[in-house]
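Notes follow once the structure below has been shown.
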Amino acid sequence: MSQSCERRSQNRNRFGRMLCRSIGLLALLPVASIAQESSLFASSPCGDRSAIPDPEVCENPIIKRLDSAVTAAYEQAKGRLQGDQALTSDLQDKQRFFVEDSNNAHATGAGRLQRYLETWQHWLDAIGPPREGFAGAWISGTGSLQIIPRDKTTFTVLVRANEPIQGIFTCEFIGVGRMDGEVLDVAWDKAETGDDDDAEGWTLRIHRSGHLLRLDQRRNGSVASSPPFCGVQGSLADSYLPAQYKPEPVLTWSTTITKDRSR
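Set out below in structure tokens:
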């Protein structure tokens, strides 16, 4: 590993040091081998046992199977993105997030790690090809976004997010979106909540960035200092990948949420 990479990794977490070591290794590989080194982005931490709290958990046959399944699902998801560079880069970022967070999932025990890997695989299976427009299901690292047309310019917008390891926060926004040029402005749908604005003036703004959707939260002078539709430290702001359907969120625990394959 280069000295500069070593210095940068000193203040990183364990995954950051693992990534630095991996980059150093990749630099020594021939081009043909680099294509096979998918563990940098695709593997769960069982791909580098020195980076996980309890390496022996990887001997669990269920965990070993899921570890391989996640890697395969990641490669298949990349293929469905049809070489779109922005989508592929975003998927790689989210995969690194899952790898890093799965270190924390290890600490919660093999049962919760199993749940995490299962939902991670299902999340990858849901990723769809590039598409135009706003309508359909979209997914981020911690959340999902469904946009359902009402007419040519108005949409039902449902957004949800969860903190995946400890459940520190849950977010939910039930909105009605209206096109403003190339942007979808989303306000709380009072008709669904008895004329109450549970967002307390906060709104969402969604725009396309290539084949990604990007969602921003807007306070609009609200007296609520943080989004009322989220728990502490929660947020819906993120980039969202196209999905074939809305998968169950990536979590270490079970929820009552079921797959919704509506498009």
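Heads up: the sequence shown begins at 0 in numbering that gives the first Met the number 0, then just goes up one per residue.
Positions of the beta carbon are idealized from the N, C-alpha and C atoms, including for glycine.
All of these numbers come straight from a predicted model, not from anything done at the bench.
- Listed in chain order, the non-local C-beta contacts of Glu117 below 7 angstroms within the same chain comprise Leu65, local neighbours out to five positions each way being set aside.
- Per the DSSP secondary-structure output, Glu171 pairs in a beta bridge with Arg159.
- Rounded to whole angstroms, Asn59 and Glu181 show a C-alpha spacing of 50 angstroms.
- Within the DSSP bridge table, the entry for Phe154 names Pro148, Gly176 as partners.
- Annotation: Asp184 is outside any alpha helix (DSSP H); the continuous beta strand (DSSP E) that includes it extends over 182-187.
- Per DSSP, Pro128 lies in no alpha helix (DSSP H) and is assigned neither H nor E.
- Exclusion of the five residues before and after Phe168 leaves Glu162, Cys229, Gly230, Val231, Gln232, Gly233 as the residues of its chain whose Cβ lies within less than 7 angstroms of its Cβ.
- The stretch 194-204 makes no contact with the stretch 90-102; the number of CB pairs closer than 8 angstroms stays below 3.
- Judged by DSSP secondary structure, Gln84 falls within the alpha helix (DSSP H) whose first and last residues are 84-106.
- As the crow flies, the alpha-carbon of Arg217 is around 46 angstroms from that of Glu55.
- Sequence-distant partners of Leu157 (beyond 5 residues in either direction) whose C-beta falls short of 7 angstroms from its own C-beta, in its chain, are Gln145, Ile173.
- In this structure, DSSP gives Ser67 a helical state, which the three-state scheme calls helix.
- For Trp252, no beta strand (DSSP E) encloses it, and the DSSP letter there is neither H nor E.
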